[in-house]
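In our numbering, the protein residues as written are 68 to 557.
Listed below in structure tokens is the structure:
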């Protein structure tokens with residue numbers, strides 16, 4: 068029978084021979100078996116008419132995602148009209164526009180485009196807010212004289228900050244998942260600005276303690292917001308490891324910068340420096356408001372009830388938490404074992420400052436899919452190193468043990484946060500906060516307990532460091548239930 072073929076409105080009929088009719092029986096109109104001179108086909112249709120559309124493989128679905136000739140992705144099904152710029156096909160032919168690519172069944176989900184402004188904002192924010200962890204200790208004598216209190220009372224300024232730092236993280240994570248990390252970041256900066264302003268305008272120790280409580284809210288919520296801002300900006304494990312390095316470096320820089328600054332401008336130097344740093348972070352965060360960030364997705368559920376996060380909490384407390392506890396007391400331990408003040412200070416610096424390097428390296432380790440074995444060996448090294456320090460070795464051996472302790476404790480740091488984010492895409496910021504709260508609580512409770520072993524128990528703190536090593540080795544039981552970080556992009 069005659070076959071209608073041609074552009075819309077065309078009246079040209081092409082006859083077919085009996086052999087052609089026989090060969091084309093049952094074929095859809097316009098299939099390659101229809102005897103139509105190829106030179107009469109439009110050039111844009113000739114390519115699609117020269118080869119039939121084949122199924123993509125076993126299990127292929129009638130509705131599939133295809134990229135049409137216009138270059139735009141569309142769903143090509145019988146009920147979906149072609150895009151407006153698709154080529155015109157013959158009336159009633161039933162053929163689809165030419166297909167240039169069909170994604171495979173294992174196609175990866177879309178990865179958010181990396182925003183450099185968001186990543187930089189997260190890094191600056193983390194550094195600015197953790198500056199306050201060490202800035203008062205760097206001018207402890209001057210602050211004690213100005214407030215008329217003892218050095219022990221000056222230490223309460225840091226304790227006050229840590230209390231609200233701990234309590235603010237989970238609420239900040241929930242709010243960040245709902246309203247975005249940038250808004251939480253600005254709120255955190257506002258808390259620090261208010262606290263620093265009180266410290267600069269008042270002279271009483273009670274007002275200073277209240278101001279440090281306010282600053283702690285900013286530092287805790289800012290930590291969560293900064294790390295989540297990097298994640299939302301497309302920063303992978305290496306960028307998140309850099310965040311960890313930046314927070315460690317900032318606390319170390321406070322110990323270096325504040326003393327000479329105090330000699331130049333007076334005892335309020337820690338507060339002036341904090342205010343300047345946090346205003347710089349505010350500029351970076353405001354600039355990030357123009358970036359396109361990924362948001363939490365999926366049905367939200369309670370993070371606290373998710374048992375999959377518990378092993379991450381235990382392991383993070385057994386590495387990062389124990390590292391901070393040991394860093395607070397290792398100088399005193401080595402001095403009582405006979406080391407000089409300079410050698411003990413060097414060992415104490417190594418146990419903490421190597422995190423500047425080991426945390427970004429730990430992010431790279433996550434991309435190599437070896438985070439689980441590295442975590443196992445890190446716990447083992449932390450346990451053995453703490454035991455060596457407790458045994459009272461020569462100063463050189465103690466320094467090497469402190470270095471090994473710091474490196475081993477820093478390598479798994481990034482992977483715990485990455486794993487928490489992947490386990491809870493509906494609440495990544497809350498998951499970050501939950502894991503970090505465990506380590507913060509361990510630091511808050513463990514630091515004074517280890518300190519008691521220096522005076523209340525024999526051994527001048529050796530029992531406390533032996534307990535640190537035992538806690539790290541006991542945490543290996545939680546390693547069996549540890550979920551993989553599973554991140555692939557740097």
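For each residue, glycine too, the CB sits at the ideal point set by N, CA and C. Note that the structure is predicted; figures quoted are calculated from it, not measured.
field: Inter-residue spacing [alpha-carbon to alpha-carbon] between residue 200 and residue 533
entry: Roughly 27 Å between the two C-alpha positions.
- prompt: For the alpha helix (DSSP H) that contains residue 445, what are its first and last residues?
  reply: Its alpha helix (DSSP H) spans residues 438-457.
- request: Round the Cβ separation of residue 396 and residue 531 to the nearest angstrom and send it over; I've been treating them as touching at under 8 Å.
  value: Right, the Cβ-Cβ distance comes to about 7 Å (below 8 Å), so this counts as a contact.
- request: Compare the beta carbon distance of residue 433 and residue 482 with 7 Å and say whether it is the shorter of the two.
  value: Going by C-beta atoms, residue 433 is nearer than 7 Å to residue 482.
Alpha carbon of residue 309 to alpha carbon of residue 186, nearest angstrom: Going from the Cα of residue 309 to the Cα of residue 186 covers about 10 Å.
query: Taking C-alpha atoms, which residue in 479, 436, 460, 412 lies nearest to residue 444?
result: Nearest of 479, 436, 460, 412 to residue 444, Cα basis: 479.
message: Quick check: what's the CA-CA separation for residue 314 versus residue 194?
response: Looking at the two C-alpha atoms, the distance is approximately 5 Å.
message: In whole angstroms, give me the CA-to-CA distance for residue 400 and residue 226.
response: Cα to Cα, residue 400 sits roughly 22 Å from residue 226.
Assigned secondary structure, residue 186 (DSSP; H/G/I helix, E/B strand, else coil): In this structure, DSSP gives residue 186 a helical state, which the three-state scheme calls helix.
- request: Apply the 10 Å Cβ neighbour rule to residue 501 and answer buried if 16 or more other Cβ atoms are within range, or exposed otherwise.
  value: Taking all protein chains shown into account, residue 501 has 16 or more neighbouring C-beta atoms within 10 Å of its C-beta and is therefore buried.
- prompt: Anyone know if the C-beta pair for residue 60 and residue 505 falls short of 7 Å?
  reply: The structure shown has nothing for residue 60, since the chain only spans 68 to 557.
field: Beta-carbon contacts of residue 197 that lie in its chain and below 6 Å, excluding the five residues immediately before and after
entry: In the same chain as residue 197, and ignoring 5 residues on each side of it, the C-beta atoms closer than 6 Å to its own belong to 314, 317, 318, in chain order.
- request: Count the other CB atoms, across all protein chains shown, that sit within 10 Å of the CB of residue 547; report buried if there are 16 or more and exposed otherwise.
  value: Exposed is the call here.
- prompt: Near residue 215, what residues of its chain come up, given a Cβ to Cβ distance below 7 Å and the 5 sequence neighbours on each side ignored?
  reply: Excluding positions up to five away in sequence, the list is empty.
task: With DSSP as the reference, label residue 203 as helix, strand or coil.
output: For residue 203, the three-state secondary structure derived from DSSP is coil.
- request: Report the option in 471, 375, 455, 452 whose CA atom is closest to the CA atom of residue 420.
  value: Closest option to residue 420, Cα to Cα, is 471.
query: Can you list, in chain order, the residues of its chain whose CB lies under 6 Å from that of residue 459, leaving out five sequence neighbours each side?
result: 404, listed in sequence order.
- prompt: residue 546 by DSSP, collapsed to three states: which one?
  reply: In the structure shown, residue 546 sits in a helix (DSSP, three-state: H, G or I).
- prompt: For residue 416 versus residue 244, is the C-beta distance shorter than 7 Å?
  reply: Cβ atoms of residue 416 and residue 244: not closer than 7 Å.
message: At the level of alpha carbons, what is the spacing between residue 229 and residue 258?
response: Roughly 14 Å between the two C-alpha positions.
field: Buried or exposed by the 16-neighbour rule on C-beta atoms within 10 Å, applied to residue 235
entry: So residue 235 ends up on the buried side.
- prompt: Exposed or buried, what is residue 407 when buried is set at 16 or more other beta-carbons lying within 10 Å of its beta-carbon?
  reply: With fewer than 16 other Cβ atoms inside 10 Å of its own Cβ, residue 407 counts as exposed.
query: Anyone know if the C-beta pair for residue 418 and residue 393 falls short of 7 Å?
result: In this structure, residue 393 lies closer than 7 Å to residue 418 by Cβ.
- request: Enumerate in chain order the residues of its own chain whose CB-to-CB distance from residue 276 is below 8 Å, with the five nearest sequence positions on each side excluded.
  value: Same-chain partners within the cutoff: 223, 224, 227.
- prompt: For residue 491, does the three-state DSSP call read helix, strand or coil?
  reply: In the structure shown, residue 491 sits in coil (DSSP, three-state: anything other than H, G, I, E or B).
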